[in-house]
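Remarks on the structure that follows.
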Amino acid sequence: MVKIGILGVGTVGASVANILETNADILEARAGKKIIAKSGVVKNLSKDRGVSIALSDDPMDVVNDPEIEIVVELMGGVEEPYALVKKALENGKAVVTANKALLAYHRYELQEIAGDIPLMYEASTAGGIPIIGALRNGLTANHIESIQGIMNGTTNYMLTKMINEGALYDDILKESQELGYAEADPTFDVGGFDASHKLLILASIAYGIDAKPEDILIEGIQNITQTDVNFAKEFGYEIKLLGIAKKAENGVELRVHPTMIPASSMIAKVDGVMNAVSVVGDRVGETMYYGAGAGGDATASAVIADIVDIVRGNTGPMLGYKKGLESGLTLLPQEEISTHYYLRMEVDDKSGVLAAITRELEKFDISIESMLQQPHNSDDKVKLLFTTHECQEARIREAIEVLKGLDCIYGEIVMMRIEK
Numbered sequence: 005m006v007k008i009g010i011l012g013v014g015t016v017g018a019s020v021a022n023i024l025e026t027n028a029d030i031l032e033a034r035a036g037k038k039i040i041a042k043s044g045v046v047k048n049l050s051k052d053r054g055v056s057i058a059l060s061d062d063p064m065d066v067v068n069d070p071e072i073e074i075v076v077e078l079m080g081g082v083e084e085p086y087a088l089v090k091k092a093l094e095n096g097k098a099v100v101t102a103n104k105a106l107l108a109y110h111r112y113e114l115q116e117i118a119g120d121i122p123l124m125y126e127a128s129t130a131g132g133i134p135i136i137g138a139l140r141n142g143l144t145a146n147h148i149e150s151i152q153g154i155m156n157g158t159t160n161y162m163l164t165k166m167i168n169e170g171a172l173y174d175d176i177l178k179e180s181q182e183l184g185y186a187e188a189d190p191t192f193d194v195g196g197f198d199a200s201h202k203l204l205i206l207a208s209i210a211y212g213i214d215a216k217p218e219d220i221l222i223e224g225i226q227n228i229t230q231t232d233v234n235f236a237k238e239f240g241y242e243i244k245l246l247g248i249a250k251k252a253e254n255g256v257e258l259r260v261h262p263t264m265i266p267a268s269s270m271i272a273k274v275d276g277v278m279n280a281v282s283v284v285g286d287r288v289g290e291t292m293y294y295g296a297g298a299g300g301d302a303t304a305s306a307v308i309a310d311i312v313d314i315v316r317g318n319t320g321p322m323l324g325y326k327k328g329l330e331s332g333l334t335l336l337p338q339e340e341i342s343t344h345y346y347l348r349m350e351v352d353d354k355s356g357v358l359a360a361i362t363r364e365l366e367k368f369d370i371s372i373e374s375m376l377q378q379p380h381n382s383d384d385k386v387k388l389l390f391t392t393h394e395c396q397e398a399r400i401r402e403a404i405e406v407l408k409g410l411d412c413i414y415g416e417i418v419m420m421r422i423e424k
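Written as structure tokens, this is what we have:
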């Protein structure tokens with residue numbers, strides 16, 4: 005018999021406890037041992053959690069319990085769970101966590117502390133989708149060429165509504181909050197930070213990259229308008245908030261941002277609150293992983309898969325590489341990212357404007373690939389939308405700053421990256 009303790013018996017924690025109880029027979033058959041949730045920790049003992057296990061408001065009741073072999077951390081946050089997971093590992097207990105923020109900041113420290121003690125985290129990225137297992141185990145024969153993922157259901161739901169129904173950003177954000185998809189302060193989701201935490205975890209497994217969220221390019225969906233959506237449709241693109249890890253000549257690109265992708269691609273067809281991750285390996289080619297990225301039962305499913313793996317005795321490097329044998333790849337500076345770009349700007353409706361813009365772009369070796377002009381609510385201005393051929397991030401940023409200084413251009417210039 006294996007006893008577990010749960011730090012944080014909220015929606016996911018309650019699901020874990022109940023699934024372990026109701027599916028006990030099949031789990032015992034698959035793990036080879038009976039698995040029991042012994043106790044859990046909550047902040048408010050007066051609130052009904054819908055579970056039959058003993059509850060405490062002191063995390064040390066779980067962390068220091070000699071009978072508990074596996075600690076499941078579902079608290080959220082960074083520093084408090086880090087201290088508790090560290091203590092559990094020092095006490096010789098295996099750990100399962102769904103905490104993406106914890107791993108975004110402390111995964112390498114925890115790997116050092118854990119040593120040969122299992123620390124599993126399938127539920128930290130894309131909910132019930134087994135993407136961690138795919139990278140750590142199923143794709144181990146491959147050099148990973150790229151990862152592209154829709155890793156946040158809230159933003160995907162919002163973009164789907166904007167694309168399919170013509171909804172405006174502010175209206176669909178309010179609806180998402182009313183439905184419980186977005187928090188009262190939605191910045192963590194719509195700003196791309198949630199997706200960045202998940203991307204960093206995947207990049208550690210695929211490439212051995214030790215980076216923090218502050219080290220990578222992160223942009224949200226706040227500036228997307230129906231003008232951008234219509235342009236994308238006109239030229240055969242869909243707009244998705246993607247987490248992208250891509251092996252380049254000099255390192256690995258890590259970035260999270262709204263992206264125009266071909267409407268014919270598999271990942272472009274993923275709508276609503278669903279998540280999907282595309283992984284390209286040098287031997288297997290493209291593989292696609294699709295499913296529910298959040299929710300109590302879906303996330304609990306991934307947590308329990310990790311518990312069963314530990315009970316079976318499956319081990320291996322937490323982040324996919326033995327220490328000292330990493331891939332040797334490093335994080336590419338943001339300025340060296342190379343891709344195609346979309347620009348939106350308001351300009352004077354007169355001859356010579358496009359020529360002036362083109363001249364400035366040519367100074368940075370940037371050429372226009374496609375262009376569209378749309379009416380503006382002012383008679384003497386138009387919206388100018390165009391895409392570029394592939395160029396370097398540093399050049400497009402410098403070019404935008406120069407273009408802002410032209411008398412014929414008004415307001416902000418909106419830029420979006422394109423992956424073909």
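Letter by letter, the sequence shown follows residues 5 to 424 of our numbering.
Just so it is clear, CB atoms sit at the ideal spot from N, CA and C, and this is done for glycine as well.
Please read these numbers as outputs of a predicted model, since none were measured by experiment.
With a threshold of 7 Å on Cβ separation, who are the neighbours of residue i within its own chain once the five nearest residues in sequence on each side are excluded?
i	result
K408	I417
S305	G132
M2	In the structure displayed, the chain extends from 5 to 424; residue 2 sits before or after that span and is not available.
V67	V75, L88, K91, A92, N95
CB-CB under 6 Å to residue i, same chain, minus the five flanking residues each way: which ones, in chain order?
i	result
D214	Y112
A302	G131, G132, A296
S371	H393
G195	G224
H201	K104, A105, A108
Going by alpha carbons, who is nearest to residue i out of the options?
i	options	result
G255	A210, I222, E77	A210
G36	E83, A304, F192, R316	R316
V260	I341, S180, Q230	I341
M420	V357, V233, E290	V233
V288	Q181, I154, E149	E149
Y345	N168, A138, E116, A398	A398
K250	E25, D286, G157	D286
T291	A199, I151, G170, E179	I151
D198	E218, I8, N156	N156
K42	V16, T15, M5	M5
K51	G14, L347, I308	G14
P63	E73, V89, R53	V89
L388	F235, M162, V406, K47	F235
When burial is assigned at 16 or more other CB atoms within 10 Å of the CB, is residue i buried or exposed?
i	result
E350	buried
S208	buried
T319	exposed
G184	exposed
M375	exposed
P70	exposed
E242	buried
A58	exposed
Q230	exposed
I30	exposed
T159	buried
D174	exposed
E77	buried
T391	buried
K244	buried
N141	exposed
A33	exposed
Tell me where the beta strand (DSSP E) around residue i begins and ends.
i	result
H344	342–352
A98	98–101
I308	Counting along the chain, I308 falls outside any beta strand (DSSP E), though it belongs to the alpha helix (DSSP H) covering 300–316.
R421	413–422
S43	39–45
G409	Element bounds for G409: n/a, residue is neither H nor E.
S60	58–60
In the DSSP output, which residue or residues are listed as bridge partners for residue i?
i	result
Q377	L388
E71	None; E71 has no bridge partner.
E257	K250
Q396	S342
V283	I151, T291
I121	Bridge partners of I121: none, in fact.
G9	S43, V75
L245	P262
Is any beta-carbon of chain B found at less than 7 Å from that of residue i?
i	result
G12	Here there is only one protein chain, and chain B is not present.
The alpha helix (DSSP H) with residue i in it runs from where to where?
i	result
Y293	Counting along the chain, Y293 falls outside any alpha helix (DSSP H), though it belongs to the beta strand (DSSP E) covering 289–296.
V16	15–26
K367	Where K367 is concerned, there is no enclosing alpha helix (DSSP H), given that its DSSP letter is neither H nor E.
P85	83–94
I205	197–211
K165	157–169
D193	191–194
S180	173–183
E238	230–238
Closer than 8 Å by C-beta to residue i: which residues in its own chain qualify, once you throw out the five before and the five after it? Chain order, please.
i	result
L410	A360, I361, E364
Q338	I220, L221, R259, E397
S56	A21, E25
D353	H380, D383, D384, K385, V386
Any heavy atom of the ligand NAP closer than 6 Å to the Cβ of residue i?
i	result
A33	Within the structure as shown, the ligand NAP is missing, as the structure has no ligands at all.
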